[in-house]
Amino acid sequence: MTSIHTIERKPRQATEQPPLLLLLHGYGASEHDLFDLADYVDDRFYVVSARAPLALPWGGFAWYHLGGAPGRLVPDAASRAQAVDLIERFVPTLAGRLGTDPGRTYVLGFSQGAILGLALALRQPTALAGLIASSGYMDPELMPDELPAALADLPILQFHGTYDDVIPVAAAHMTRDLMAQLPVRHTYHEHPIGHGIHPDGLRAIQTWLAERLDEAAR
């Protein structure tokens, strides 16, 4: 398996087998892009931020290559398939390596990271206890032919900027409507921004993650 470089923040509130939050950045960014979110999430989380494997010539990293232009981006099918395979193999290994709770692995993906997170959720839901998908969409090409039974009740939080000119909000609406037909617990928020995370979105992340941990503890 291609090695994935990570940076980590151990739980501030030590527990045996802590919950894990994995951060997956977007196209052209790096493992440092989302890592500041570690300061805002519940202290019980072991936070890991992963660097995508493809180094871009102008700087930053990508999970898979893109063509086209912002608003009309075209995924490269070969590198996209490799990225999905990499994520599907990488995520289930983390609990054993880090000593986190294998039943409490959460993923927060932004843009391209959100696309991969959504694909993982629908293809391999047992790898996740929940997903946060920001500024991404469910790529129809990554939908499994048959939805796994374990998808039932998987919590998914999705949010998107109304003025996003990289991934248009219409793609988020398509994903929202798809999720409404699936047996997941899906929550959707929209904020008046471009391709980013609104302060209200950050608060939603904090609340949602804390609720998931409290729910698991009951």
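In our numbering, the protein residues as written are 146 to 363.
In this text, a Cβ means the ideal position worked out from N, Cα and C, and glycines have one as well.
By alpha-carbon positions, which one of the options ends up nearest to residue i?
i, options, result
"I312", "Q227, W203, P220", "P220"
"M283", "L169, A259, D290", "A259"
"L182", "A228, V314, G173, L168", "L168"
"I232", "D178, A317, H170", "H170"
"A226", "H343, E176, L261, R242", "L261"
"T316", "A295, P247, E335, L358", "Looking at the sequence shown, residue 316 is not Thr but Ala. Closest by alpha carbon: E335."
"Y251", "F235, P237, G275", "G275"
"A295", "A349, V314, A272, G244", "A272"
"P289", "R249, Q269, S224, T160", "Q269"
"A214", "R249, Y172, G205", "Y172"
Could you give the C-beta distance for residue i and residue j, rounded to a whole number, given that I count them as a contact under 8 Å?
i, j, result
"A266", "L299", "6 Å"
Tell me the residue span of the alpha helix (DSSP H) that contains residue i.
i, result
"G241", "222-243"
"E360", "344-362"
"A264", "257-268"
"A183", "Here A183 belongs to no alpha helix (DSSP H), and DSSP marks it neither H nor E."
Per DSSP, what are the beta-bridge partners of residue i in this structure?
i, result
"I301", "L276, H331"
"Y191", "L165"
"V219", "G212"
"V252", "L167, L276"
Which residues bound the beta strand (DSSP E) around residue i?
i, result
"T151", "151-154"
"G213", "211-214"
Classify residue i: buried if its beta carbon has 16 or more other beta carbons within 10 angstroms, exposed otherwise.
i, result
"Q257", "buried"
"M146", "The predicted model places M146 with a pLDDT of 47, which falls under 50 and marks its position as unreliable, so this point remains unresolved."
"W203", "exposed"
"Y185", "exposed"
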